[in-house]
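First comes the structure, then the notes that go with it.
Residue numbers (this note's numbering): 635 to 1152.
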């Protein structure tokens, strides 16, 4: 393999890791007493055909009670030790390459998988994005159209993309992030490029050209020949600045088709969005966005796929929040909507838990707004079996599409000021009063701190899961789901987890990112 350099491990890093390991322990989760105070009122108003059923809201909670969420006191810690030898990933990968656990791998500056090549990352591999690269440019990984990324970890041996900084000194924006570009359909021109990638960022190579190497989109809905796969992957401390006011997301997906697999992915402590989908129809399951500074899940440019079983959490201790850090943000192109092919953004979102951070009423971040779920610019959407809590505004769909009517039902919303802001009165709107987190019925969902030595872990399971309603049949570009289920597995609860945790596993998730000893 070309451009592979061995680097002697830093002795100081080893001493820091050893000290931190001795302090790391898993504590018992603190369960919370649930208070069942439910007052149900059914209001039937037929307006615009918008279907909203079983959405629980918290309309009259006193300011002293709002946001008073119990917290847990232990954290999932990844105590694995990476290999002693390091190797640098080539900046241009034009033929098939496999990263093995024989090395810890360094991402040094802009790195492109191109020329139809496949980059395979074996289970258990650590990839570190260099904060100060040799070229002086941000360190990021871009998989261009026609190329593939196969990064399939396991529960016990996840693949980790993280910072090259020492434990307790890592920060959002230490490196760029992961970008996958495909030939899937969008509602913008197929010459659309990833924002912020300058021509000077491209390494000199006959396999790269600007701007073709950073463009995405096409006419292939599945894009099977371009299909990547990411399973059991963590992406940490991403979001380096590309240009002024333009940072990379943890995971960016541009025109990625439905043949690509995304499952069990955690994006944490990023300076921008956790996940952003620019068009395409890729489906995803078991996603976690944790402590990111902007939106957790952002859908744009005609995305038409499904997301099921996903969690988003804002952290009070996160630094550098954007001016409007939403849990979900959903757009088309412009408002009023102008597209190249009449395709609109139409995500199907099921079994989603979206949580703010505040223990008392107030915005997300200093002077910031923040909405649990924002649907605008003529977006069509299905949002069902959800839990939203800890925001000033729970759900806002005032600028969403009205025809066809969005499907918005079988959820519970806690908010400090406005649980839901619809475009018009709902046809059926069930309001339920309750007390803060007890209302949502979660065990202990909010993080206590970002401390390097004594962090905390949220617990998103339900004390007594609220049954979800029967879902209508929904068709979209990513697939067809029969009535009563969102997929073949289905689900009988609101929120991401029910009474069992899918974020368990020896190491695949971690809420102690600063203190992890690797």
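Glycine included, each C-beta is placed from N, C-alpha and C at the ideal position.
Per DSSP, the bridge partner or partners of residue 757: Answer is none; residue 757 lacks a bridge partner.
Residue of 909, 914, 884 minimising C-alpha distance to residue 891: Out of 909, 914, 884, 914 has the C-alpha closest to the C-alpha of residue 891.
Per-residue DSSP class, three states only, for residue 831: coil
Same chain, Cβ closer than 7 Å to residue 789, five either side skipped, listed in chain order: 866, 1139, 1140, 1142
Bridge partner(s) assigned by DSSP for residue 869: Per DSSP, the beta-bridge partners of residue 869 are 795, 901.
Anticipated Cβ contact below 8 Å, residue 1134 with residue 1095, distance rounded: That pair is a contact at about 7 Å.
C-beta contact flag for residue 834 and residue 848 at 7 Å: no
Environment of residue 940 [buried if 16+ CB atoms lie within 10 Å]: buried
Classification of residue 975 by the beta-carbon crowding that lies within 10 angstroms, buried from 16 upward: exposed
Continuous beta strand (DSSP E) stretch holding residue 989: start and end: 982 to 989
Cβ-based burial, residue 742 [other Cβ within 10 Å; buried from 16]: buried
DSSP beta-bridge partners of residue 908: Paired residue(s): none; residue 908 is not in a bridge.
Coil, strand or helix - residue 860 by DSSP: helix
Backbone secondary structure at residue 846 - three-state DSSP: helix
Per DSSP, cross-strand counterpart(s) of residue 1027: 1005, 1052
Cβ pair residue 806, residue 864 closer than 7 Å: no
Beta carbon of residue 1013 nearer than 7 Å to that of residue 973: no
Separation of residue 846 from residue 734, as counted between CA atoms: 30 Å
Burial state of residue 732 (16 or more Cβ within 10 Å): exposed
Rounded separation between residue 757 and residue 1039 - CA only: 43 Å
Pair within 7 Å by beta-carbon distance, residue 782 and residue 862: yes
Spatial neighbours of residue 811 in its chain, beta-carbon cut-off 6 Å, leaving aside the 5 residues before and after: So the qualifying residues of the chain are 774, 872, 882, 883, 884.
First through last residue of the beta strand (DSSP E) which encompasses residue 886: 885 to 888
DSSP-derived helix/strand/coil call for residue 930: coil
Rounded Cβ spacing between residue 839 and residue 726 (contact assumed at less than 8 Å): 4 Å
Range covered by the beta strand (DSSP E) that runs through residue 1147: Looking at the DSSP string, residue 1147 is not in any beta strand (DSSP E), and its letter there is neither H nor E.
Rounded Cβ spacing between residue 921 and residue 948 (contact assumed at less than 8 Å): The pair is not a contact, with the Cβ atoms about 15 Å apart (cut-off 8 Å).
Check whether residue 888 and residue 815 have beta carbons under 7 Å apart: yes
Three-state secondary structure assigned by DSSP to residue 1086: coil
Residue 878, buried or exposed, once every other Cβ within 10 Å from all chains shown has been counted against 16: Taking all protein chains shown into account, residue 878 has fewer than 16 neighbouring C-beta atoms within 10 Å of its C-beta and is therefore exposed.
Residue 744 - DSSP class collapsed to helix/strand/coil: strand
Minimum C-alpha distance to residue 899 - residue among 777, 792, 1016: Among 777, 792, 1016, the Cα nearest to that of residue 899 belongs to 792.
Selected residue, minimal CA-CA separation from residue 736, among 874, 778, 769, 717: 717
Bridge partner(s) assigned by DSSP for residue 721: 739
Through-space distance from residue 837 to residue 779, alpha-carbon basis: 17 Å
Straight-line Cα distance separating residue 1048 from residue 690: Here the model assigns residue 690 a pLDDT of 46, short of 50, so the residue's position is not dependable and the matter cannot be decided.
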